[in-house]
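Note sheet for the following structure.
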Amino acid sequence: MRQPLTLTKKADYFSVYQRGKVWRGALIVVRTLPTGLGSTRYGLSVSKKVGNAVIRNRLKRLLREIMRLQVIKPGWDIVFIAQPEAAGADYHELKNSVARLLGQAQLLMNDDKTVNPRFD
């Protein structure tokens with residue numbers, strides 16, 4: 014199984030925060046930065062304002078699963094920031110919010126030639 018590429022260093026997050034573009038939703042804020050690399054990396058930020066550790070970890074698990082199922086253009090660093098309102102959201106609300114924001118950022122590969130790997 015292929016390991017997902019995640020942002021791990023503080024400098025990577027800082028770079029996306031400082032130089033990236035922002036798309037805001039009611040549940041999630043998405044920050045993006047083009048990197049020119051052959052793959053897309055993503056990171057999650059869920060602060061203590063969202064809730065206790067159980068709620069924060071649940072949100073991170075849901076967001077990781079949503080990202081696993083998305084087909085995103087290569088060459089981007091993406092940071093997902095959970096808003097406090099996301100604590101009460103279910104999977105489908107989060108999925109719709111993430112898909113809408115990634116669509117606004119034009120990061121989804123949705124042309125007819127794109128093959129979704131989960132259906133192969």
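Take 14 as the starting number for the sequence shown in the numbering used here and just add one per residue.
A virtual CB, placed ideally from N, CA and C, is assigned to each residue, including glycine.
Next item on the list: Check the C-beta distance from leucine 40 over to serine 110 and give it rounded, since I have them as a contact under 8 Å.
Entry: Residue numbering aside, residue 40 sits at position 27 when the sequence shown is read from its first letter. Residue numbering aside, residue 110 sits at position 97 when the sequence shown is read from its first letter. With a Cβ gap of about 5 Å, leucine 40 and serine 110 count as contacting.
Margin query: Looking at the strands, I want to know which residues DSSP matches up with arginine 56.
Written below: For the purposes of this step, residue 56 is taken as residue 43 along the sequence shown, with counting starting at 1. The sequence given here places glycine at residue 56; arginine does not occur at that position. Answer by DSSP bridge pairing, in chain order: Val92.
Item checked: Whole-angstrom distance between tryptophan 36 and aspartate 90, CA atom to CA atom -> Locating residue 90 in the sequence shown gives position 77, counting from the first residue. Locating residue 36 in the sequence shown gives position 23, counting from the first residue. In a straight line, the C-alpha of aspartate 90 is about 14 Å away from that of tryptophan 36.
Checklist line | valine 59 vs threonine 45 beta-carbon contact at 9 Å | finding: For the purposes of this step, residue 59 is taken as residue 46 along the sequence shown, with counting starting at 1. For the purposes of this step, residue 45 is taken as residue 32 along the sequence shown, with counting starting at 1. Going by C-beta atoms, valine 59 is not nearer than 9 Å to threonine 45.
Notebook entry, point to check: Near lysine 108, what residues of its chain come up, given a Cβ to Cβ distance below 6 Å and the 5 sequence neighbours on each side ignored?
Noted result: Taking the sequence shown and counting its residues from 1, the one referred to as residue 108 is at position 95. Contacts found: Ile79.
Check: For leucine 117, which residues from the same chain have a beta carbon less than 7 Å from its beta carbon, with the 5 sequence-adjacent residues on both sides left out?
Finding: Taking the first residue of the sequence shown as 1, we reach residue 117 at position 104. The amino acid at residue 117 is misidentified as leucine; the sequence shows glutamine. In the same chain as glutamine 117, and ignoring 5 residues on each side of it, the C-beta atoms closer than 7 Å to its own belong to Trp36, in chain order.
Notebook entry, point to check: Ordered along the chain, which non-local residues of its own chain (more than five positions away) have a Cβ less than 7 Å from that of alanine 99?
Noted result: Translated into the one-based positions of the sequence shown, residue 99 becomes position 86. Cβ neighbours of alanine 99 beyond the five flanking positions: Leu40, Ile41, Val63, Leu72, Leu107.
Check: To which residues of the same chain is proline 47 closer than 7 Å at the C-beta, ignoring the five residues directly before and after it?
Finding: Taking the first residue of the sequence shown as 1, we reach residue 47 at position 34. Closer than 7 Å at Cβ, skipping near neighbours: Gly88, Trp89.
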